[in-house]
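**Student:** Quick note, the sequences are listed as chains A and B, same order. Counting from 137, one number per residue, gives the positions in the first sequence under the numbering used here. Counting from 45, one number per residue, gives the positions in the second sequence under the numbering used here. No residue lacks a Cβ here, since even glycine has one placed at the ideal position from N, Cα and C. Okay, here's the structure, questions in a sec.
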Amino acid sequence: DAGVTQSPTHLIKTRGQQVTLRCSPKSGHDTVSWYQQALGQGPQFIFQYYEEEERQRGNFPDRFSGHQFPNYSSELNVNALLLGDSALYLCASSLGGRQPQHFGDGTRLSIL
Amino acid sequence: GEDVEQSLFLSVREGDSSVINCTYTDSSSTYLYWYKQEPGAGLQLLTYIFSNMDMKQDQRLTVLLNKKDKHLSLRIADTQTGDSAIYFCAESGMNSGGYQKVTFGTGTKLQVIP
Numbered sequence: 137d138a139g140v141t142q143s144p145t146h147l148i149k150t151r152g153q154q155v156t157l158r159c160s161p162k163s164g165h166d167t168v169s170w171y172q173q174a175l176g177q178g179p180q181f182i183f184q185y186y187e188e189e190e191r192q193r194g195n196f197p198d199r200f201s202g203h204q205f206p207n208y209s210s211e212l213n214v215n216a217l218l219l220g221d222s223a224l225y226l227c228a229s230s231l232g233g234r235q236p237q238h239f240g241d242g243t244r245l246s247i248l
Numbered sequence: 045g046e047d048v049e050q051s052l053f054l055s056v057r058e059g060d061s062s063v064i065n066c067t068y069t070d071s072s073s074t075y076l077y078w079y080k081q082e083p084g085a086g087l088q089l090l091t092y093i094f095s096n097m098d099m100k101q102d103q104r105l106t107v108l109l110n111k112k113d114k115h116l117s118l119r120i121a122d123t124q125t126g127d128s129a130i131y132f133c134a135e136s137g138m139n140s141g142g143y144q145k146v147t148f149g150t151g152t153k154l155q156v157i158p
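Now the structure itself:
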């Protein structure tokens with residue numbers, strides 16, 4: 137039973153660039169949430185996707201956008217990257233958004 | 045808004061019990077979770093408790109919930125060096141849109157001394 141998988145594992149970008157991170161949910165899950173975890177902090181909620189729609193959103197600017205595909209996989213896009221966007225980006229999946237969430241190992245994004 | 049607080053650091057000797065504490069503010073919380081994060085890894089769900097329960101035991105883990113004081117604790121019996129990690133408390137409550145919203149604490153770093 138595959139868990140949540142994220143790609144790539146690590147990524148280095150420069151300020152102003154754009155990045156796309158990918159997530160495949162745990163088998164049987166239909167809801168994907170994205171979190172940003174800065175060094176030494178807890179995860180901060182970015183947004184959640186269900187049935188290919190953004191269902192709820194945290195306090196993040198419009199530079200952060202996402203997509204969910206019919207197979208429930210998801211992408212997180214960040215435009216106009218800032219140094220402060222350097223963080224571990226975590227994807228979590230659940231069933232209907234109401235079960236405990238299961239997390240992937242994350243993508244570590246470094247902005248130079 | 046919702047807030048979850050934890051102490052930053054806990055050091056215990058191998059074989060002793062560890063108790064990690066957490067307080068939260070959202071009175072509408074439905075689930076409360078404990079996650080473990082090892083260096084370079086994502087979050088591993090350890091256990092969770094429904095808000096209408098006051099205790100849950102799962103092998104070496106015991107979760108205690110005091111809903112009146114909004115206090116959650118995680119006890120790890122016979123702590124091992126492999127338990128060294130950061131432990132996150134999280135609460136799940138309903139947001140204004142009727143969806144579950146999860147808020148995490150800043151994590152407690154557990155150091156186990158051999």
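#1: Among all the DSSP beta bridges, which residues are the ones paired with Phe53/B?
#2: Rounded to the nearest angstrom, how far is the Cβ of Leu245/A from that of Lys162/A, given a contact under 8 Å?
#3: By alpha-carbon positions, which one of Pro197/A, Asp166/A and Trp170/A ends up nearest to Tyr186/A?
#4: Pick from Tyr77/B, Lys114/B and Arg57/B: whose alpha carbon is nearest that of Asp127/B?
#5: From Asn65/B, Ser73/B, Thr91/B and Ser61/B, pick the residue whose C-alpha is nearest to that of His238/A; which is it?
#6: For Ser55/B, count neighbouring C-beta atoms within 10 Å of its own C-beta (all shown protein chains included) and say buried if the count is 16 or more, exposed if not.
#7: Less than 8 Å between the CB atoms is what I'm expecting for Val48/B and Tyr75/B, so what's the real figure, rounded?
#8: Taking a contact to mean a Cβ-Cβ separation below 8 Å, would you say Met221/B touches Leu89/B in this structure?
#9: Output needed in chain order: residues of the region 223 to 245 of chain A with a Cβ under 7 Å from some Cβ in chain B.
#10: Any C-beta of chain E within less than 7 Å: which residues of the region 124 to 139 of chain B qualify?
#11: At the level of alpha carbons, what is the spacing between Asp70/B and Thr152/B?
#12: Is the distance from the Cβ of Asn213/A to the Cβ of Gln154/A below 8 Å?
#13: Smallest Cα separation from Ser117/B: which of Lys100/B, Leu52/B, Phe53/B and Ile64/B?
#14: By the criterion of Cβ-Cβ separation under 7 Å, what are the contact partners of Gly178/A in chain B?
#15: Could you check where the beta strand (DSSP E) with Ala174/A kicks off and where it finishes?
#16: Beta-carbon within less than 8 Å of Thr125/B's beta-carbon, same chain only, minus the 5 sequence neighbours each way: which residues are those?
#17: Using beta-carbon positions only, say whether Gly240/A and Leu218/A come within less than 8 Å of one another.
#18: Near Ser201/A, which residues of its chain fall below 7 Å by C-beta distance, leaving aside the five closest residues on each side in sequence?
#19: Where Phe196/A and Phe181/A are concerned, what is the direct C-alpha to C-alpha distance, given to the nearest angstrom?
#20: Can you pull the chain B neighbours of Leu204/A, defined as C-beta to C-beta under 8 Å?
**Tutor:** So, from the listed chains and residues:
#1: Lys153/B
#2: About 22 Å; that fails the 8 Å criterion.
#3: Asp166/A
#4: Arg57/B
#5: Thr91/B
#6: exposed
#7: Contact flag wrong, Cβ pair sits at about 13 Å.
#8: Because chain B is modelled from 45 through 158, residue 221/B falls outside the range shown and cannot be assessed.
#9: Leu226, Gly233, Arg234, Pro236, Gln237, His238, Phe239, Gly240, Asp241 and Gly242
#10: Of the protein chains in the structure, A and B, none is chain E.
#11: 20 Å
#12: yes
#13: Ile64/B
#14: Phe132, Phe148, Gly149, Thr150 and Gly151
#15: Taken as a continuous stretch (DSSP letters only), Ala174/A belongs to no beta strand (DSSP E), as it is neither H nor E.
#16: Glu58, Val156 and Pro158
#17: no
#18: Asn213
#19: 9 Å
#20: Residue 204/A is actually Gln in this sequence, not Leu. Going along chain B, no residue has its Cβ under 8 Å from Gln204/A, so there is no contact; the nearest lies around 15 Å.
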